[in-house]
Each structure stands twice: as C-alpha cells, then as structure tokens.
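As you go down the protein sequences, you meet chains A and B in turn.
Residue numbers for the first sequence, in my numbering: 231 to 575.
Residue numbers for the second sequence, in my numbering: 231 to 575.
Backbone N, C-alpha and C fix where the C-beta goes; we use that ideal spot for every residue, glycine too.
Number of protein chains: 2
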Amino acid sequence: MKNPTLHDVAALAGVSYATADRVVNRRGNVAEKSVRKVNDAVAQLGYVRNIAAAKLSKSRHHHLAFVLPDKSHDFFGRMHDQLAAAALHLKTAGVVLDVIEFEAFDARALEQALSGLIGKNYDGVAFVGQGLDKFSTSLTALRAEGTKIVTLVSDVPENNRDHYIGIDNVKAGRTAGRLIGFSHGGKPGHVVLTAGSLDLRDHSDRINGFREVIEADFPNIGISEVIETKDQAELMQQSLHQNLSDASPITAIYNAGAGNEGLVRALRERDPDGAIFCIVHELSTTVCDALQDGFVDVALDQRPEIEMNRALALLQAIADEMPPPPSPELIPAIYVRDNLPTEMN
Amino acid sequence: MKNPTLHDVAALAGVSYATADRVVNRRGNVAEKSVRKVNDAVAQLGYVRNIAAAKLSKSRHHHLAFVLPDKSHDFFGRMHDQLAAAALHLKTAGVVLDVIEFEAFDARALEQALSGLIGKNYDGVAFVGQGLDKFSTSLTALRAEGTKIVTLVSDVPENNRDHYIGIDNVKAGRTAGRLIGFSHGGKPGHVVLTAGSLDLRDHSDRINGFREVIEADFPNIGISEVIETKDQAELMQQSLHQNLSDASPITAIYNAGAGNEGLVRALRERDPDGAIFCIVHELSTTVCDALQDGFVDVALDQRPEIEMNRALALLQAIADEMPPPPSPELIPAIYVRDNLPTEMN
DNA sequence: AAGAAAATGATTGACGTATATCATTTTTGC
DNA sequence: GCAAAAATGATATACGTCAATCATTTTCTT
Numbered sequence: 231m232k233n234p235t236l237h238d239v240a241a242l243a244g245v246s247y248a249t250a251d252r253v254v255n256r257r258g259n260v261a262e263k264s265v266r267k268v269n270d271a272v273a274q275l276g277y278v279r280n281i282a283a284a285k286l287s288k289s290r291h292h293h294l295a296f297v298l299p300d301k302s303h304d305f306f307g308r309m310h311d312q313l314a315a316a317a318l319h320l321k322t323a324g325v326v327l328d329v330i331e332f333e334a335f336d337a338r339a340l341e342q343a344l345s346g347l348i349g350k351n352y353d354g355v356a357f358v359g360q361g362l363d364k365f366s367t368s369l370t371a372l373r374a375e376g377t378k379i380v381t382l383v384s385d386v387p388e389n390n391r392d393h394y395i396g397i398d399n400v401k402a403g404r405t406a407g408r409l410i411g412f413s414h415g416g417k418p419g420h421v422v423l424t425a426g427s428l429d430l431r432d433h434s435d436r437i438n439g440f441r442e443v444i445e446a447d448f449p450n451i452g453i454s455e456v457i458e459t460k461d462q463a464e465l466m467q468q469s470l471h472q473n474l475s476d477a478s479p480i481t482a483i484y485n486a487g488a489g490n491e492g493l494v495r496a497l498r499e500r501d502p503d504g505a506i507f508c509i510v511h512e513l514s515t516t517v518c519d520a521l522q523d524g525f526v527d528v529a530l531d532q533r534p535e536i537e538m539n540r541a542l543a544l545l546q547a548i549a550d551e552m553p554p555p556p557s558p559e560l561i562p563a564i565y566v567r568d569n570l571p572t573e574m575n
Numbered sequence: 231m232k233n234p235t236l237h238d239v240a241a242l243a244g245v246s247y248a249t250a251d252r253v254v255n256r257r258g259n260v261a262e263k264s265v266r267k268v269n270d271a272v273a274q275l276g277y278v279r280n281i282a283a284a285k286l287s288k289s290r291h292h293h294l295a296f297v298l299p300d301k302s303h304d305f306f307g308r309m310h311d312q313l314a315a316a317a318l319h320l321k322t323a324g325v326v327l328d329v330i331e332f333e334a335f336d337a338r339a340l341e342q343a344l345s346g347l348i349g350k351n352y353d354g355v356a357f358v359g360q361g362l363d364k365f366s367t368s369l370t371a372l373r374a375e376g377t378k379i380v381t382l383v384s385d386v387p388e389n390n391r392d393h394y395i396g397i398d399n400v401k402a403g404r405t406a407g408r409l410i411g412f413s414h415g416g417k418p419g420h421v422v423l424t425a426g427s428l429d430l431r432d433h434s435d436r437i438n439g440f441r442e443v444i445e446a447d448f449p450n451i452g453i454s455e456v457i458e459t460k461d462q463a464e465l466m467q468q469s470l471h472q473n474l475s476d477a478s479p480i481t482a483i484y485n486a487g488a489g490n491e492g493l494v495r496a497l498r499e500r501d502p503d504g505a506i507f508c509i510v511h512e513l514s515t516t517v518c519d520a521l522q523d524g525f526v527d528v529a530l531d532q533r534p535e536i537e538m539n540r541a542l543a544l545l546q547a548i549a550d551e552m553p554p555p556p557s558p559e560l561i562p563a564i565y566v567r568d569n570l571p572t573e574m575n
C-alpha cells in the first residue's frame, strides 16, 4: 500500500542505494548496465520520488517573482489580490514569492523590472508580457541563469519563454463576433470597433478574430474602422459620443481593449434604453454595474485569478522538476447579467 | 529569508520544543500562560508549519475515493479521464486515490457504493450526488468517521456534506435564457424546453432559471411545456420530430439535460439549414460536431476537468488541515463554434 | 599484469515535524 | 508544608531524499 522508496528500488535492482541515487538524480559515472537495472526496478515498482521528502531534504524555498503592472486597472488589481489570497498556501509549501510592480503599458519599465531580477537566482518568473514584443536582453539573461519564464495575459515570442498562460485572443475575438452576430437575429447592423492599441498583440488578435467571423458569417453587418483609445476613459468617451450621434444607426459595439469607464459613460448618455448590443472585455465593477443596468450585454473575462493560480502551480511544478499539472485550456468566461459572480455583487 | 521552525518559536517563547509542540498540535495539558507565549511567538514570527516535513513525518498517505457514474456519458468519461491525468501528481504527493464506479442515474447503486466505503478510513470522498436527495445513512456514517465529503455536479442537502463543487444551475439556466433572448434580436419566437428529468435538481434548477429570464425580459418569446427525455437519445429524437413538424414555428430549443445525440439527430433532419437557435449542456464530441455544423449554436459546459482538479485540491487541503485553497467561483464555459478547445478537434 | 580510471558500496548528516518517553519542576489541594 | 497532580523540559527516533565522503571493487589501457 505504501509507496516504494529509493531503498526498495536499489534492493530490487541489486545495487546500492548510492548507485540508485546516482541514476535517478542523473549524477553520472554509472555503468550502462546499472542504469538499466535501476530504471527497470523503478518501472517495475512504479517508483516516484516523495516530493515532500525531497523538498525537506533540499530545504528548498522555491523562489518566484511575479512582475505585474501596477493596479492602475481593476484587472491588474485582481491579479494582485489573487496572489495575496494564495499567500498562506504558498508559505506552507515553502514558496517565497516576490511581487514587483511596474508602470502599466510601459515596456521600458517592464524591461527594467525584469533586469532587476537577474542574478537573484529565481526559480521562476511570471510577468505580463505587455508590449515586450521585441528581443529582451533581460529575459535572455534570466533564462540563461536557469530561471523559468512564464508570460501572463499577453505573450512574448515563443522562443523567449517557457510557457504562456492566457487566453487565445483570436478565439476571444471570434467569440465576440459570433455573439454579436447572434444578437442581430438575421437583421442587418453596424458595429463600432474599439481597442486600446492595435500595437498590442492581444487587442489586435481580438479584432482580427472578430472581423473573420463577421465577414464570413454575417455579411449584412457592417464594421467601422477601429477606434484606438489607449485604454483611456476620456478618449473613449469622446470618440463614442461622436460616433453615436452620427446618422448611421449603430447596432453594436465591441471594445477589444480594456478600460470601459469611458465606454459605459458614453452609453449611459447616448443609449439610455440599452438598444445597442455591447460586448467588452474584463469584468470590472464598472462593467458589472453596466451589465446589470443593461448598457453592456456581454463581458468576456480572462479570469486573472485562475491565471494566477495556474502560473503558481506551473512554476512550482517546474521547480520540483515535475511535469506541468494537467490543465484544461483557458477560455474566457462569458458573463451576461445573469451569471455574474456572487463575490462581485 | 528562510521560514522559522517550531524550534525558533519555542526559543522565542522561552519554552521547550515539547511545549511549543503541545500548543500548536493541541495536545492539551499546557498552562494558559504557555499557550499565550507560544501563540504570540507564532504570530510574531509568522510561523506556519512546513507541510513537506509534516507529511514526511507522518508518512501520511492521504486516502481519497471518488465515486463516479460509469462512463455511460461522455461527460462522466471526462471526469474519469481527468483523474487519470492527475495520477502522477497525486502519487508524488502521497495521495492514494480509489475510483469507484456506479451505474449512472441509479441512486440505489450510489448509496451502495458509498456504504462500501464505510470503515475504510478514507480522508475524503467525492461523489456525484445524482438523485441522492434523501437522507443517506452511508453518508452520515462516513461523516461520523471523520471522512470529509465533497459533492460534485449535483448537490445533496447541505447538512450532509462539507463542500459542493459544481456550477449554480439556476444561473446556468438564466444564462441560457438570456442568450436565447439575445438571439431573437427583438423578434417574437417560441422555445422548446427539454430536460432529462425534472426530478433531478440540476435539471429543474436550469429550467426555472431559464423561465425567469424569458418571462421577465423577453415577453414575446413563448415557452413550451418541458419535454422529459430521461436523457435517452431515442425518446428525445421522437419527441422533437413531433414538435418540429408542428405548424407552430419553433425558433429555439434549450435542452437543460444531458445526452444530446437524439437532439442533434433530430435537428440534422428537421432543421437542415440550422435556423433554430439551439442551446445545450455539456460539450461532447456530438455537440462539438453539431456546433461546427451549425445545428447547435451554444453549449454550456461545466468543465468537469476543472471540477475534478478543484475537488482533489480541496480534499488534500482538508486532509492537511489547511484552509481550502482560494478558488474563484465555478461558472459554466460558454462555447460557440469559435472557441472550442483545441484538444477536441 | 600493473597502474590508472571508472564504477560501486557503505555510511552519514541534514531537512522540520510528529510522537513518544521519562525525568524534573511547578502548581494545586488540603 | 506535604503529597498528588499538572506542567514542562530534555531527548530520541522515524519519515525519504539529497548530497557528500571515503573505501573498495571492477574495468580499461597498454
């Protein structure tokens, strides 16, 4: 019933504990024959090392860093909150977690924050890859030290990180397109598209996915040029005010960016009966209220809490030299006014 | 940098290790004064016991059982698969997991399976509470032994279990209602409602939620009587064939139950151009295909994989005498044809 | 076959907690 | 103030792995 130990393996293989240890921990200087004997014994017994014992022995404090944008947005605030909530569990698991903030949307600040981690011998670093599209020397240096890199929410080129944890933004955009298509019930319409910046990979992916679906399956729905708002409320509000007063009847809005305060304000003024079908990203309190009041109809949400949990579990597994835990694909939650989380009421 | 040990606590409190141990492990026979000193030291140092060491010391193999319906449905199959995927991680964590199957939808079989666990000293048991609405003696006996009980997917009365892991089915039904409402774009319509059985709590909750929304916010959409299909393909197919040939123009279908094979077959014959807006539960391969072919428009999915992970993490935490890990609320995934998981293609 | 190199065996001490034993001190009741 | 009871201290072992040391054996080289 109890799991076999390395002693059991050694005994079965007919070698000493030391040799078994040399094999399973790849210390080298072992004859081919012994390697085979040990591996056979491992397979036969189904030996897996006892992580608790390994951790204890190494008295290893996994050292992780999360580099996150400051709480300028509700969304980033939720990330910070989730880390705080996990603090106790991390501590008992012997994980030391440093959280470093940088100014949101500032790729230079991010690069600087990352460079500050070099030489500190972190086991793993997770960060929001916002805008860090280009080659990053800090990242390369960190990886050269053996630090594992996980990107969150917004990816960097694949060859510069170990894992990406976030949604597929093309899919998200396609989903938004499908829902807006549905909402027209076969009738023609015209959609206003907004985004923070098309230079941000996640925003542009969403826009592209959205366009694909509308153009392919809902040909009688028109699409406006994308309004870039830098995720700033004022800019968004002004742009929309202009658009919504046009003669052309707007039937829907899709904001592929974050920051919906300006959008909601504009809608509350210009669309008081909520006739326009509106889809946005990320469930802030603003959006929650707007959903309940009928100004926003659907919110796609990344659920950063889950992403943080995933990142933590993944980095711990890697540090333990375990395969990543089985994790079903992340897809954005789709909120309407009827399935809002009870915590947010 | 490194975490304080119980020795550190004892030293700071000015008591022996033995006394500190007596306090933190509640062994009793300690003077009030010492208790206070130790607790103060714990607080001051932020001591939390090292779980790895504790586990090792106790050489404790958490003993868990999952009692699941057999793989009669895709949905239950996914549950089994996820447990299999987690096997390695469980093993390294010293968790012994027994999976017991019972005949799906048979409350007696479930009760019997549960009674078989009595006296085996399980730390935790998770099961699909299907139909086990009434007072269950096995459950009471298990809990009396100290076994922690988690219900999955379908709950039992609150006072008979420790946790429920599953979605809020009223919310799910409301969400379906909202989406069907959206899909009519203001036009009138008529919805056919189906369910496995209104005696199943989850099915009836969904129907109720659905009704609430349609009646409140979409008064010009009519709702049929609920067709009960016992989740059997034949019955579903026949009933629908009848309904879909009626003179009254059906605009939408909501199946609150599981088992969509019959539904999809009927639609493929009677609604070849996919004009009817159709929402179902659980993403089987049948549903996946139907989404891609346009016969089904939306699938609400519980993501049993995530539920299994949650259940495992929760039961382990409880067995370690830890608070439950921070877990964002479970809400059903909403699939359209554009955000299907890549694994299922 | 001798010497060098490689492989193996035997053993040990951490790591931090749980748990137990036994001796000693302090407190309590009367 | 004395005996009984309660509390405390001191100490030891086990848990399984990791990492190290040192002695010994086997294999290779020429």
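- Query: So the alpha helix (DSSP H) glutamate 442 of chain A belongs to, where does it begin and stop?
  - Reply: Translated into the one-based positions of the first sequence, residue 442 of chain A becomes position 212. Per DSSP, glutamate 442 of chain A belongs to the alpha helix (DSSP H) from 431-447.
- Message: Between glycine 439 of chain B and glycine 407 of chain B, how many whole angstroms is the CB-CB distance? I'm expecting something under 8 Å.
- Response: Mapped onto the second sequence, residue 439 of chain B falls at position 209. Mapped onto the second sequence, residue 407 of chain B falls at position 177. Correct: roughly 7 Å between the Cβ atoms.
- Message: Is asparagine 569 of chain B close to chain A? Criterion is C-beta to C-beta, closer than 7 Å.
- Response: Within the second sequence, the letter at position 339 stands for residue 569 of chain B. Taking Cβ atoms only, chain A reaches closer than 7 Å to asparagine 569 of chain B, which makes this a yes.
- Per DSSP, which residues does glycine 452 of chain A bridge with? Please list them. In the first sequence, residue 452 of chain A corresponds to position 222, counting from 1. Its beta-bridge partners are A/His420.
- Per DSSP, which one or two residues make a beta bridge with proline 299 of chain B? The residue given as residue 299 of chain B occupies position 69 in the second sequence. Note: proline 299 of chain B sits in a beta bridge opposite B/Phe332.
- Using alpha carbons as the reference points, say which of B/Thr572, B/Ala337 and B/Arg391 lies closest to valine 355 of chain B. Locating residue 355 of chain B in the second sequence gives position 125, where the first residue counts as 1. The shortest Cα separation from valine 355 of chain B among B/Thr572, B/Ala337 and B/Arg391 belongs to B/Arg391.
- Any C-beta of chain B sitting closer than 7 Å to the C-beta of proline 299 of chain A? Your numbering for residue 299 of chain A matches position 69 in the first sequence. No, proline 299 of chain A does not count as interfacial toward chain B.
- Is the distance from the Cβ of aspartate 568 of chain A to the Cβ of threonine 405 of chain B below 7 Å? To locate residue 568 of chain A, count along the first sequence from 1; it is residue 338. To locate residue 405 of chain B, count along the second sequence from 1; it is residue 175. Cβ distance < 7 Å, so aspartate 568 of chain A and threonine 405 of chain B count as in contact.
- Let me know if arginine 308 of chain A comes out buried or exposed under the rule of 16 or more other beta-carbons within 10 Å of its beta-carbon. In the first sequence, the residue the question calls residue 308 of chain A occupies position 78. Arginine 308 of chain A comes out buried.
- Item | beta strand (DSSP E) segments (min. 3 residues) lying fully within the segment 336-371 of chain A | 354-358
- Beta-carbon proximity of aspartate 435 of chain B to valine 386 of chain B, cut-off 7 Å: If you number the second sequence from 1, residue 435 of chain B lands on position 205. If you number the second sequence from 1, residue 386 of chain B lands on position 156. No; because the gap between Cβ atoms is not below 7 Å, this pair is not in contact.
- Closest to histidine 172 of chain B by CA distance: which of B/Asp300, B/Ile451 and B/Ser264 is it? With chain B running from 231 to 575 in the structure shown, residue 172 of chain B is simply not present.
- Item | With 16 other Cβ atoms within 10 Å as the buried cut-off, status of asparagine 389 of chain A | Indexing the first sequence from 1 puts residue 389 of chain A at position 159. By the neighbour-count rule (16 or more Cβ atoms within 10 Å), asparagine 389 of chain A is not buried but exposed.
- Item | Nearest candidate by alpha-carbon position, reference lysine 321 of chain A, set A/Gln462, A/Gln546, A/Thr377 and A/Glu551 | Taking the first sequence and counting its residues from 1, one reaches residue 321 of chain A at position 91. Per the Cα distances, A/Gln546.
- Message: Using a Cβ-Cβ cutoff of less than 6 Å, which residues in the same chain neighbour isoleucine 457 of chain A once the five nearest sequence positions on both sides are dropped?
- Response: What you label residue 457 of chain A is simply residue 227 of the first sequence in a count that begins at 1. Once the five neighbours on either side are set aside, the close Cβ partners of isoleucine 457 of chain A are Thr424 and Ser469.
- Message: When you compare the CB positions of alanine 337 of chain B and proline 562 of chain B, do they come within less than 7 Å of one another, or not?
- Response: Translated into the one-based positions of the second sequence, residue 337 of chain B becomes position 107. Translated into the one-based positions of the second sequence, residue 562 of chain B becomes position 332. No; because the gap between Cβ atoms is not below 7 Å, this pair is not in contact.
- Task: May I have the straight-line CA-CA distance separating aspartate 300 of chain A from aspartate 461 of chain A, to the nearest angstrom?
- Result: Taking the first sequence and counting its residues from 1, one reaches residue 300 of chain A at position 70. Taking the first sequence and counting its residues from 1, one reaches residue 461 of chain A at position 231. Distance between the alpha carbons of aspartate 300 of chain A and aspartate 461 of chain A: 15 Å.
- Best match in B/Ala463, B/Asp501 and B/Ile410 for proximity to arginine 441 of chain B [C-alpha to C-alpha]: The residue labelled residue 441 of chain B in the question sits at position 211 within the second sequence. The option with the nearest alpha carbon to arginine 441 of chain B is B/Ile410.
- Query: Run through DSSP, which three-state label would asparagine 575 of chain A get?
  - Reply: Translated into positions along the first sequence, residue 575 of chain A becomes position 345. Legend: pLDDT at asparagine 575 of chain A = 43, less than 50; position of this residue unreliable, value from coordinates given subsequently. In this structure, asparagine 575 of chain A counts as coil in the three-state DSSP scheme.
- Query: What is the DSSP secondary structure of isoleucine 483 of chain A, counted as helix, strand or coil?
  - Reply: Locating residue 483 of chain A in the first sequence gives position 253, counting from the first residue. Residue state, collapsed to three classes: strand.
- Message: Tell me which residues share the same chain as histidine 293 of chain B and place their Cβ nearer than 6 Å to its Cβ, disregarding the 5 neighbours each side in the sequence.
- Response: On the second sequence, position 63 is the one that residue 293 of chain B refers to. Here the set comprises Val326, Tyr352 and Asp353.
- Message: Using a Cβ-Cβ distance cut-off of 7 Å, determine whether isoleucine 451 of chain A contacts chain B.
- Response: Position 221 of the first sequence holds residue 451 of chain A. Closer than 7 Å: no.
- Contacting residues, own chain, Cβ-Cβ under 8 Å from isoleucine 437 of chain A (five flanking each side not counted): One-based indexing of the first sequence puts residue 437 of chain A at position 207. Once the five neighbours on either side are set aside, the close Cβ partners of isoleucine 437 of chain A are Gly403, Leu423, Ala425, Leu428, Val456 and Ala486.
- Task: Consider the Cβ of glutamate 559 of chain A: report whether some Cβ of chain B lies at a distance smaller than 7 Å.
- Result: Taking the first residue of the first sequence as position 1, residue 559 of chain A is located at position 329. Cβ-Cβ to chain B under 7 Å: yes for glutamate 559 of chain A.
- Query: Does histidine 433 of chain B come within less than 7 Å of chain A when only Cβ atoms are used?
  - Reply: As a first step, residue 433 of chain B is located in the second sequence; it is residue number 203 there, counting from the start. It does not; no Cβ of chain A falls within 7 Å.
- Task: Indicate the three-state DSSP secondary structure (helix, strand or coil) for isoleucine 548 of chain A in the structure shown.
- Result: As a first step, residue 548 of chain A must be located in the first sequence, where it is residue number 318. Isoleucine 548 of chain A falls in the helix class under three-state DSSP.
- Message: Mapping the DSSP letters down to three states, classify isoleucine 379 of chain A as helix, strand or coil.
- Response: For the purposes of this step, residue 379 of chain A is taken as the residue at position 149 of the first sequence. Isoleucine 379 of chain A: strand per DSSP, three-state reduction.
- Message: Using CA atoms only, rank isn't needed, just tell me which of B/Val278, B/Lys350 and B/Pro479 is closest to histidine 319 of chain A.
- Response: To locate residue 319 of chain A, count along the first sequence from 1; it is residue 89. Comparing Cα positions, the closest option is B/Val278.
- Under 7 Å, do isoleucine 536 of chain B and proline 556 of chain A count as touching if we go by C-beta distance? Walking along the second sequence from the start, residue 536 of chain B turns up at place 306. Walking along the first sequence from the start, residue 556 of chain A turns up at place 326. It is not a contact, given that the beta carbons lie outside the stated cut-off.
- With 7 Å set as the bound, which would you pick, yes or no: does the beta-carbon of proline 555 of chain B sit closer than that to a beta-carbon of chain A? By one-based count along the second sequence, residue 555 of chain B stands at place 325. So yes, proline 555 of chain B belongs to the interface.
- Residues in the segment 318-349 of chain B having any Cβ partner in chain A nearer than 9 Å: Leu318, His319, Lys321, Thr322, Ala323, Gly324 and Val326
- Query: Which one of A/Val517, A/Gln472 and A/Ile395 has the shortest CA to CA distance from leucine 544 of chain A?
  - Reply: Taking the first residue of the first sequence as 1, we reach residue 544 of chain A at position 314. Nearest option by C-alpha distance: A/Ile395.
- Shorter than 7 Å from the beta carbon of phenylalanine 412 of chain B to some beta carbon of chain A? Position 182 of the second sequence holds residue 412 of chain B. Closer than 7 Å: yes.
- Establish whether the CB of asparagine 575 of chain A and some CB of chain B are separated by less than 7 Å. Residue 575 of chain A sits at position 345 when you count from the first residue of the first sequence. Summary for asparagine 575 of chain A: the model assigns pLDDT 43, below 50, so the residue's position carries little reliability; its value from the coordinates is reported in the next sentence. For asparagine 575 of chain A, the answer is no, since every Cβ of chain B falls outside 7 Å of its Cβ.
- 9 Å Cβ cut-off: residues of chain B touching arginine 404 of chain A: Indexing the first sequence from 1 puts residue 404 of chain A at position 174. What arginine 404 of chain A touches in chain B: Val566, Arg567, Asp568 and Asn569.
- Simplified DSSP state of alanine 505 of chain B, which is helix, strand or coil: Translated into the one-based positions of the second sequence, residue 505 of chain B becomes position 275. Note: alanine 505 of chain B maps to coil in three-state DSSP.
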